[in-house]
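These notes concern the structure reproduced below.
Numbering (the numbering used here), first residue to last: 150 to 503.
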């Protein structure tokens, strides 16, 4: 039997990536018709997945600034010496010589251009982030010039000015030259250059109900979008939801209450000298209420369903099927690739059940 080689498959995937990612909802509909989705209990989790880029190809903003100065000086020195050499050759040979720029200098000029481009991109991202933060601060009654400070009406003094100028990236902010959308993230095996891949999994048959991919290492901001994606994909909110401590916040717990979802979200370890541990009044009442609820539930708490719902899905994708690194580059392409991986997972579950 003839089989297409890897290049044919790769070209097909690239050409039809958006269409392939759109199959997710169609397959999910088939899974629901087959009775594989109950929406009684759903678990949300994320995993750090390697990008098609090396973390050694990344550079910090601080290093960019010094490297840019050094390369510009080196290029300027070479141009000056080249002009002197050209003048001497013209005097001796006239217009008969036309030496080209050496490869080593062309390489340095290209590197300088890449660094300038990366630096400009980091500055644009930092400026946009700062403007968004000011807009959110204005909505919540805070001083737009001090969005991290107390409300403007509180009368409290503003804190000291940050070391990094407003609207500028810190010197530690990094950008990768191979896949600029990917970020340095801490995974189970140390730091990787990668993406944060999210899934919401139904407990009945480990069917993925929603997926997402982003370049933010923190999970906390992903819970509400994932739950809203579940509702959009199925037309219904789950009865129960579990998530680990990375998703815990007052806002997330409140959002689950507003959507009438019975949430079980880990709150992390309680510090020994915290107000709650000493019997005092908790500063975050919803978080403390959730902690108490999980503690009282013990081994019977629905939170424990996570271990047999979402965690095995990542194990099946990474270890059983060997998918540990994305092949595409750029967050749009990688998002479509993750959608395809999630679709394949559901197809395999559907095939096994029927």
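Built from N, CA and C at the ideal position, the CB exists for glycine as well.
The way I'd put it, the region 436-448 doesn't touch the region 467-480; fewer than three beta-carbon pairs between them come closer than 8 angstroms.
Using a Cβ distance threshold of 8 angstroms, residue 415 and residue 397 count as a contacting pair. Here the C-alpha atom of residue 457 lies approximately 16 angstroms from the C-alpha atom of residue 447.
Put simply, the backbone Cα of residue 353 is about 6 angstroms away from that of residue 185. Counting along the chain, residue 389 sits inside the beta strand (DSSP E) bounded by residues 389-392. Pairing residue 503 with residue 183 gives a Cβ-Cβ distance under 8 angstroms. No Cβ-Cβ contact shorter than 8 angstroms links residue 342 with residue 362. Residue 324 has 208 as its beta-bridge partners, per DSSP. Scanning its chain for C-beta atoms nearer than 7 angstroms, with the 5 sequence neighbours on each side dropped, one finds around residue 451 the residues 190, 389, 391, 413, in chain order. Burial check for residue 372: the Cβ neighbour count within 10 Å reaches 16 or more, so the residue is buried. For the pair of segments examined, the region 167-175 was found not to touch the region 324-340: the number of CB pairs separated by less than 8 angstroms stays below three. Within the same chain, Cβ atoms closer than 7 angstroms to the Cβ of residue 454 are found at 190, 192, 352, 391, the five residues on either side in sequence being excluded. Closest option to residue 337, judged by alpha-carbon separation, among 206, 279, 195: 195. Counting only the Cα atoms, residue 449 lies some 48 angstroms from residue 208. Around the beta carbon of residue 368, 16 or more other beta carbons lie within 10 angstroms, which makes this residue buried. Per DSSP, the unbroken beta strand (DSSP E) holding residue 339 starts and ends at 339-351. In this structure, the beta-carbon distance from residue 485 to residue 166 falls below 8 angstroms.
Looking at 356, 357, 399, the one whose alpha-carbon comes closest to that of residue 370 is 399.
Beta-bridge pairing by DSSP links residue 190 to 389. Taking the Cα positions, residue 187 is about 42 angstroms away from residue 279. Note: residue 169 is not bridge-paired with any residue in the DSSP secondary-structure output. Residue 413 carries a strand assignment under DSSP once its states are collapsed to helix, strand and coil.
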